[in-house]
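These notes are about the structure you will find just below.
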Amino acid sequence: MNLNQHPELADRIAAAYALGTLRGGARRRFETMARQSSALRANALVWQERFAAMTELQRIEVPGENVWKRISNQLDLQRPLAAMPVQQGVAGRVLNWWRGAAMAGGMVAAAMMGVAVYLGGEVKERESQIAQLDNTRTTLAQQNIRLASELQGKPEIQYVAVLSDDKSSATMLVTFDPKHNTLTLKRVGAFDEGPEKSLQLWALPSSPTGAPRSLGVLSANPVIKLAAFQTQLKEAPALAITLEARGGVPEGSGPAGPVVFKGALLQTP
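In case it helps, full-length UniProt numbering puts the sequence shown at residues 1 to 269.
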């Protein structure tokens with residue numbers, strides 16, 4: 001499997017590698033792939049940095065007073081036995097054996113208690129780290145969703161045109177967004193077509209024998225949006241706006257009024 005084609009899975013495996021839970025053959029396979037992919041190496045390094053930052057915040061676990069009290073009580077139980085006179089013969093050896101066994105048992109119990117406290121603290125710390133990791137992953141996922149939503153909503157600009165009058169004064173800025181199939185026109189001049197007239201946008205033909213194609217009638221708003229398709233624009237070298245009777249000319253007819261603005265249609269890099 002090519003992990004570069006599955007970024008979410010690659011991120012999870014990199015996190016497991018950095019945490020140390022990826023073991024055996026899976027760990028060796030990841031290391032082999034990481035040597036060939038800078039993206040995987042970067043993922044693993046990022047997670048290692050995150051986990052390293054977490055360890056700096058880890059508090060030192062110190063056994064509580066109850067643990068020391070229990071150890072002291074266990075040792076106090078041994079003192080009376082140690083003060084008894086040592087008996088000779090078999091009875092003395094048996095008593096010594098029991099004393100040693102009791103002392104060893106107390107030491108083992110105390111050691112087990114200390115280990116339990118230490119392991120308990122380690123488990124809690126690991127649970128806290130895992131919870132923090134989950135929170136981090138959730139935050140990153142939410143940020144990715146927001147970013148994807150913002151990118152989805154942002155328009156792309158494939159074509160742009162600045163339409164000017166016969167005095168070369170810019171009057172209309174035109175952009176085309178292929179992602180949303182939208183032409184956006186912004187008035188940048190003070191031209192007023194009046195209540196009895198309408199402005200109509202045309203895609204000019206690339207050959208002298210072709211006919212202009214209407215792209216829509218413009219409203220009087222400062223920003224106008226028209227539905228359009230890339231096929232309507234890719235062969236057009238320029239755009240023009242004519243001044244027509246109110247409502248514009250019918251679709252399929254050529255322009256009837258004079259050209260008031262025109263400009264080259266340029267494709268963005």
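Just so you know, even glycine gets a beta-carbon here, dropped at the ideal spot from N, CA and C.
Continuous beta strand (DSSP E) stretch holding residue i: start and end
i	result
Ile157	Taken as a continuous stretch (DSSP letters only), Ile157 belongs to no beta strand (DSSP E), as it is neither H nor E.
Asp177	Ala170 to Asp177
Leu233	Unbroken run through Leu233 is the alpha helix (DSSP H), Gln230 to Leu233; no beta strand (DSSP E).
Val259	Val259 to Ala264
Cβ shell of residue i (< 8 Å), same chain only, five flanking positions each side left out
i	result
Ile157	Thr175, Phe176, Asp177 and Thr268
Ala10	Leu3, Asn4, Ala39, Leu40 and Asn43
Start and end residues, alpha helix (DSSP H) containing residue i
i	result
Gly24	Gly24 to Gln36
Leu19	Pro7 to Leu19
Alpha-carbon to alpha-carbon, residue j and residue i
i	j	result
Leu243	Gln232	21 Å
Asn4	Leu40	8 Å
Arg27	Gln74	46 Å
Pro255	Ala211	10 Å
Leu163	Lys197	19 Å
Gly257	Lys179	32 Å
Trp47	Arg137	11 Å
Glu65	Ile71	10 Å
Asn221	Lys167	23 Å
Ser37	Pro7	12 Å
Arg246	Thr171	20 Å
Gln87	Val67	Low local confidence applies: a pLDDT of 49 at Gln87 is under 50, so the model's placement there is unreliable, with the coordinate-based value given in what follows. Roughly 34 Å between the two C-alpha positions.
residue 271	Ala131	Because the chain is modelled from 1 through 269, residue 271 falls outside the range shown and cannot be assessed.
Pro208	Met33	58 Å
Ser253	Leu140	55 Å
residue 270	Ser214	Residue 270 is absent from the model: the chain starts at 1 and stops at 269.
Glu31	Glu235	51 Å
Leu133	Arg23	19 Å
Pro195	Ser206	33 Å
Ser128	Thr21	16 Å
Ala190	Glu251	28 Å
Other residues of its chain near residue i: CB distance less than 7 Å, five sequence neighbours each side excluded
i	result
Leu19	Phe51
Ala238	Leu204, Lys262, Gly263, Ala264 and Leu265
Cutoff 6 Å; reference residue i; Cβ partners in own chain excluding five residues on either side
i	result
Thr182	Lys225
Leu199	Glu193, Leu218 and Ile241
Gly216	Leu201 and Leu226
Lys186	Leu173 and Val223
Gln230	Pro178
Val249	Ala256
Tyr17	Phe30 and Ala44
Anticipated Cβ contact below 8 Å, residue i with residue j, distance rounded
i	j	result
Val223	Asp165	About 20 Å separates the two Cβ atoms, so there is no contact after all.
(request) Scan the stretch 186-247 and note each continuous alpha helix (DSSP H) run of 4 residues or more that stays entirely inside, going in chain order. (result) 230-233
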